[in-house]
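Under my numbering, think of the first position of the sequence shown as 7, with each following residue one higher.
Here the structure comes first, spelled out in structure tokens, and everything after it is commentary.
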Amino acid sequence: MLEIVKYPSKILRTRSTRVTDIKSAEVQSFIAELKETMLAADGLGLAANQVNKDWQILTVSHKDGPKVFINPVICWKSFKKNNMEEGCLSFPQVFGLVRRSKKAWVIYRDENARLRFIKADGLLARVLQHEIDHIRGVLFTDKIFKYTKGEKQVQEWIKQAKDDER
Ligand SMILES: [Zn+2]
């Protein structure tokens, strides 16, 4: 199992790199560990940079077992949006309302390196948008318009991150 990095760790602000050798033993064993880590943490999704690896890989919880998305790209998002409370494994005890598109179409490679396309809606569309933000270095706290828990803590972290940059 891998350690989940917490904000304000710098890798969470890193733009991850594309994965070319999906079938390599290194990538395959990483994917297995990423899934295991998400399941153990009881998360809805987990991106590679949340476990300190700057690869464009993420996993999303699914009733048939974790689904893996490699080099995912959102090619279309619905104009219709909704608001929902989100949390994040890299921000313990922080929750807030985020506005996102209700539907998202995503092109990606699966763990067998096959090119795939999914028309996601509902919770899957939401989790995919959250996780694809992660691999681009974008965090849900950038998008929260109303905190339901942990706002003070986030402000302290942001201040701490700014102090560290000095
Ligand atoms: Zn997250």
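All C-beta atoms in this analysis are idealised placements derived from N, C-alpha and C, irrespective of residue type, glycine included.
Going by C-alpha distance, which of the options is nearest residue i?
{"i": "Glu91", "options": "Phe97, Leu103, Ile80 and Lys83", "result": "Leu103"}
{"i": "Gly51", "options": "Asp169, Ile150, Leu130 and Ala38", "result": "Leu130"}
{"i": "Leu95", "options": "Phe151, Thr65, Ala126 and Val33", "result": "Thr65"}
{"i": "Ile17", "options": "Gln135, Val133, Pro78 and Arg142", "result": "Arg142"}
{"i": "Gly128", "options": "Ala110, Asp139 and Arg122", "result": "Ala110"}
{"i": "Pro98", "options": "Val160, Asp139, Ala167 and Glu171", "result": "Val160"}
{"i": "Lys125", "options": "Cys81, Lys168 and Ala167", "result": "Cys81"}
{"i": "Arg122", "options": "Ile164, Gly93, Val74 and Lys149", "result": "Val74"}
{"i": "Arg19", "options": "Gln135, Gln34, His140 and Arg132", "result": "His140"}
{"i": "Ser67", "options": "Gln34, Leu134 and Arg120", "result": "Leu134"}
{"i": "Gly93", "options": "Gln34, Thr43, Ile150 and Arg120", "result": "Ile150"}
Taking 8 Å as the threshold (C-beta atoms), are residue j and residue i in contact?
{"i": "Lys86", "j": "Arg106", "result": "no"}
{"i": "Lys12", "j": "Val100", "result": "no"}
{"i": "Ile28", "j": "Glu117", "result": "yes"}
{"i": "Ile63", "j": "Val112", "result": "no"}
{"i": "Glu9", "j": "Val57", "result": "yes"}
{"i": "Ser84", "j": "Lys108", "result": "yes"}
{"i": "Lys41", "j": "Pro72", "result": "yes"}
{"i": "Thr23", "j": "Asp60", "result": "yes"}
Taking the alpha helix (DSSP H) that residue i belongs to, which residues open and close that run?
{"i": "Asp48", "result": "Here Asp48 belongs to no alpha helix (DSSP H), and DSSP marks it neither H nor E."}
{"i": "Gln56", "result": "Taken as a continuous stretch (DSSP letters only), Gln56 belongs to no alpha helix (DSSP H), as it is neither H nor E."}
{"i": "Arg132", "result": "Gly128 to Ile141"}
{"i": "Ile17", "result": "Note, Ile17: premise wrong, no alpha helix (DSSP H); not H, not E."}
{"i": "Ile150", "result": "Premise fails: Ile150 lies in the beta strand (DSSP E), Ile150 to Lys155, not in any alpha helix (DSSP H)."}
Residue i and residue j look like a contact to me (Cβ under 8 Å); what is the Cβ gap, rounded to whole Å?
{"i": "Arg115", "j": "Ile76", "result": "4 Å"}
{"i": "Ala53", "j": "Glu137", "result": "5 Å"}
{"i": "Met7", "j": "Ala38", "result": "The pair is not a contact, with the Cβ atoms about 11 Å apart (cut-off 8 Å)."}
How far does the beta strand (DSSP E) with residue i in it extend, from its first residue to its last?
{"i": "Glu9", "result": "From DSSP, Glu9 is part of no beta strand (DSSP E); its letter is neither H nor E."}
{"i": "Trp61", "result": "It is not in any beta strand (DSSP E) - Trp61 carries neither H nor E in the DSSP assignment."}
{"i": "Ala110", "result": "Lys109 to Arg115"}
{"i": "Lys87", "result": "Lys87 to Cys94"}
{"i": "Val74", "result": "Lys73 to Lys83"}
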